[in-house]
């Protein structure tokens with residue numbers, strides 16, 4: 003009888019010790035939303051060394067980290083990722099993707115080779131070229147400045163995008179939850195506005211008005 | 005032994021060759037090659053564009069230009085296409101502070117009208133096929149000149165558009181006026197992949213600074229565009245003072261298309277563009 007009690011005690015103690023490993027502690031980390039974070043004021047842009055042709059090399063060494071105002075960063079990315087001659091609604095959809103991509107990575111900085119930064123200036127993140135903004139792309143960015151495209155609870159997520167194919171709706175990009183750059187122009191040409199374009203490529207997202 | 009060719013066959017061949025040679029027309033005006041004819045006035049036509057743009061850049065309006073004809077009499081004096089800039093006396097480069105960059109667009113904001121629209125009314129047919137680079141398409145452009153180290157705007161820099169020889173001066177904000185700049189698409193890529201933007205080159209001059217050559221400015225139809233030229237001050241330690249080149253690359257969306265266009269199934273490399 004004593005032996006049975008002892009075994010029961012040992013089993014109970016062992017069970018209590020094993021509990022933390024079996025039942026994980028609840029994740030108390032709060033989601034980063036538009037309600038508990040503000041729009042970044044500055045982006046830390048890692049400048050990578052150029053290749054022999056004078057173009058930033060996505061695998062080149064990081065030379066330095068440049069602090070760029072957030073709005074300036076977005077304006078200097080958009081004409082290098084979208085064509086400035088595209089329709090305004092396509093540019094607005096692109097501006098939203100560029101902005102939310104940058105915002106997400108500002109909240110998730112990385113450290114490589116001793117440099118801590120949000121993004122670099124190559125297509126590893128977004129193609130940034132200093133002082134390359136254009137009037138049409140600036141207007142598109144200004145048009146979406148007070149809104150954000152997030153999860154319905156306001157959580158900031160990365161809006162990913164890629165080139166896609168010309169004159170094609172690029173359904174496969176919708177399946178991958180990425181926006182096709184050529185697809186934005188395709189839909190804008192057919193009268194879709196930028197919210198409709200975003201809704202086509204990103205599901206379970208919402209357009210949120212930013213608190214001033 | 006009978007030798008071949010015989011003297012008679014050689015004579016006959018010579019006579020036939022003479023007849024054929026006489027049958028070749030020598031007067032190209034009666035030729036039926038209209039395509040070659042249409043190219044004869046091409047250079048003169050481009051010269052006409054330069055004159056017109058240079059004379060109208062103050063208002064930003066272009067007048068319709070009739071197709072130029074080959075000059076019948078070279079002895080007739082013609083005004084030079086572009087005049088060298090003399091401070092205060094030129095009509096194309098403006099003195100600082102007098103430029104009115106917003107004159108043609110009082111709101112100062114871009115009025116994009118993207119899409120493949122037909123050329124504006126009054127634009128005549130180019131002298132050659134567009135696929136060969138002959139174009140009358142223009143778009144508004146403004147050049148912004150800055151000090152490459154301080155990034156401050158440079159006033160009084162002279163900016164020359166290489167293709168049209170237009171000359172402008174920057175104002176206190178480092179900007180040239182808005183001007184009509186041609187949209188040249190590289191004809192060698194035209195048969196392969198429709199080029200998505202034209203390219204233009206400018207040179208910036210300023211006393212005390214290295215000359216800056218900026219090539220490959222992206223030009224699109226129907227929108228306003230800006231380009232920034234970086235200039236570098238000449239210091240006491242500078243030897244071999246030579247121009248600084250900045251080559252603007254092709255847009256990477258175009259490069260993706262170009263690589264996809266010629267990819268073989270047996271050598272796919274990174275593979276086609278995919279999500």
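Residue numbers (the numbering used here), protein chains in the order written: chain A, 3 to 214; chain B, 5 to 279.
The beta carbon of each residue, even a glycine, is placed where N, CA and C say it ideally should be.
Assuming residue i contacts residue j under a Cβ cut-off of 8 angstroms, what Cβ separation, rounded to an integer in Å, is found between them?
{"i": "residue 132 (chain A)", "j": "residue 78 (chain A)", "result": "6 angstroms"}
{"i": "residue 200 (chain B)", "j": "residue 85 (chain A)", "result": "6 angstroms"}
{"i": "residue 165 (chain A)", "j": "residue 260 (chain B)", "result": "5 angstroms"}
{"i": "residue 2 (chain A)", "j": "residue 155 (chain A)", "result": "Only positions 3 to 214 of chain A appear in the structure, and residue 2 (chain A) is not among them; the question remains open."}
{"i": "residue 136 (chain A)", "j": "residue 81 (chain A)", "result": "4 angstroms"}
{"i": "residue 159 (chain A)", "j": "residue 153 (chain A)", "result": "6 angstroms"}
{"i": "residue 149 (chain B)", "j": "residue 168 (chain B)", "result": "Their Cβ separation, rounded to whole angstroms, is 18 angstroms, which puts residue 149 (chain B) and residue 168 (chain B) out of contact at 8 angstroms."}
{"i": "residue 142 (chain B)", "j": "residue 207 (chain B)", "result": "Their Cβ separation, rounded to whole angstroms, is 20 angstroms, which puts residue 142 (chain B) and residue 207 (chain B) out of contact at 8 angstroms."}
{"i": "residue 142 (chain A)", "j": "residue 90 (chain A)", "result": "6 angstroms"}
{"i": "residue 218 (chain B)", "j": "residue 129 (chain A)", "result": "Residue 218 (chain B) to residue 129 (chain A), Cβ: 19 angstroms. No contact."}
{"i": "residue 66 (chain A)", "j": "residue 45 (chain A)", "result": "Contact doesn't hold; Cβ gap of about 14 angstroms is too wide."}
{"i": "residue 210 (chain B)", "j": "residue 162 (chain B)", "result": "7 angstroms"}
{"i": "residue 207 (chain A)", "j": "residue 163 (chain A)", "result": "With 8 angstroms as the limit, residue 207 (chain A) and residue 163 (chain A) do not qualify as a contact, their Cβ atoms being about 13 angstroms apart."}
Secondary structure at residue i, three-state DSSP: helix, strand or coil?
{"i": "residue 157 (chain A)", "result": "strand"}
{"i": "residue 139 (chain A)", "result": "helix"}
{"i": "residue 103 (chain A)", "result": "helix"}
{"i": "residue 88 (chain A)", "result": "coil"}
{"i": "residue 48 (chain B)", "result": "Confidence is the limiting factor: at residue 48 (chain B) the pLDDT is only 32, short of 50, which leaves the residue's position unreliable, though a coordinate-based value still follows. It is helical."}
{"i": "residue 187 (chain B)", "result": "coil"}
{"i": "residue 82 (chain A)", "result": "helix"}
{"i": "residue 273 (chain B)", "result": "coil"}
{"i": "residue 150 (chain A)", "result": "strand"}
{"i": "residue 98 (chain A)", "result": "helix"}
{"i": "residue 170 (chain B)", "result": "coil"}
{"i": "residue 180 (chain A)", "result": "coil"}
{"i": "residue 72 (chain A)", "result": "helix"}
{"i": "residue 197 (chain A)", "result": "helix"}
{"i": "residue 28 (chain B)", "result": "coil"}
{"i": "residue 211 (chain A)", "result": "strand"}
{"i": "residue 158 (chain B)", "result": "coil"}
{"i": "residue 245 (chain B)", "result": "coil"}
{"i": "residue 264 (chain B)", "result": "helix"}
{"i": "residue 91 (chain B)", "result": "With a pLDDT of 37 at residue 91 (chain B), under the threshold of 50, the modelled position of this residue cannot be trusted; read the value that follows with caution. If DSSP states are grouped into helix, strand and coil, residue 91 (chain B) belongs with coil."}
{"i": "residue 204 (chain A)", "result": "coil"}
{"i": "residue 278 (chain B)", "result": "coil"}
{"i": "residue 213 (chain B)", "result": "strand"}
{"i": "residue 250 (chain B)", "result": "strand"}
{"i": "residue 50 (chain A)", "result": "strand"}
What in chain B is Cβ-close to residue i, meaning under 7 angstroms?
{"i": "residue 87 (chain A)", "result": "118, 224, 225, 226 and 227"}
Note down, in chain order, every chain B residue with its Cβ under 8 angstroms from the Cβ of residue i.
{"i": "residue 129 (chain A)", "result": "256"}
{"i": "residue 125 (chain A)", "result": "256"}
{"i": "residue 175 (chain A)", "result": "279"}
{"i": "residue 168 (chain A)", "result": "261"}
Which residues does DSSP list as the beta-bridge partners of residue i?
{"i": "residue 9 (chain B)", "result": "For residue 9 (chain B), which the question treats as bridged, DSSP gives no partner whatsoever."}
{"i": "residue 221 (chain B)", "result": "B:204"}
{"i": "residue 229 (chain B)", "result": "B:145"}
{"i": "residue 119 (chain A)", "result": "A:112"}
{"i": "residue 35 (chain A)", "result": "A:157"}
{"i": "residue 234 (chain B)", "result": "B:150"}
{"i": "residue 45 (chain A)", "result": "A:70"}
{"i": "residue 164 (chain A)", "result": "A:182"}
{"i": "residue 163 (chain B)", "result": "B:172 and B:208"}
{"i": "residue 58 (chain A)", "result": "A:52"}
{"i": "residue 65 (chain A)", "result": "None; residue 65 (chain A) has no bridge partner."}
{"i": "residue 179 (chain B)", "result": "B:148"}
Quick one: does residue i have its CB under 8 angstroms from some CB of chain E?
{"i": "residue 133 (chain A)", "result": "Among the protein chains in the structure shown, which are A and B, there is no chain E."}
Name the chain A residues that come within less than 8 angstroms of residue i, Cβ to Cβ?
{"i": "residue 232 (chain B)", "result": "133 and 134"}
{"i": "residue 200 (chain B)", "result": "85"}
Kindly list, in the order they appear in chain A, the residues whose Cβ is closer than 9 angstroms to that of residue i.
{"i": "residue 271 (chain B)", "result": "What residue 271 (chain B) touches in chain A: nothing, since even the nearest Cβ is about 20 angstroms away."}
List, in chain order, every chain B residue whose beta-carbon is nearer than 9 angstroms to that of residue i.
{"i": "residue 97 (chain A)", "result": "The premise fails here: residue 97 (chain A) is roughly 13 angstroms from chain B at the closest Cβ pair, so nothing lies under 9 angstroms."}
{"i": "residue 178 (chain A)", "result": "278 and 279"}
Using a C-beta to C-beta distance shorter than 7 angstroms, which residues of chain A count as neighbours of residue i?
{"i": "residue 251 (chain B)", "result": "56"}
{"i": "residue 268 (chain B)", "result": "Those within 7 angstroms of residue 268 (chain B) in chain A number zero; the least Cβ separation is about 18 angstroms."}
{"i": "residue 260 (chain B)", "result": "165"}
Any heavy atom of the ligand HEM inside 7 angstroms of the beta-carbon of residue i?
{"i": "residue 61 (chain A)", "result": "With respect to small molecules bound, the structure shown includes none, and the ligand HEM cannot be examined in it."}
If contact means a Cβ-Cβ distance below 7 angstroms, which residues of the stretch 140–164 of chain A contact chain B?
141 and 164
Residues in the stretch 148–174 of chain B having any Cβ partner in chain A nearer than 7 angstroms
none
Please identify, using Cβ separations under 7 angstroms, the residues of the stretch 94–121 of chain A that lie next to chain B, in order along the chain.
none
Contact list for the stretch 177–197 of chain A against chain B, Cβ threshold 7 angstroms:
178, 180 and 183
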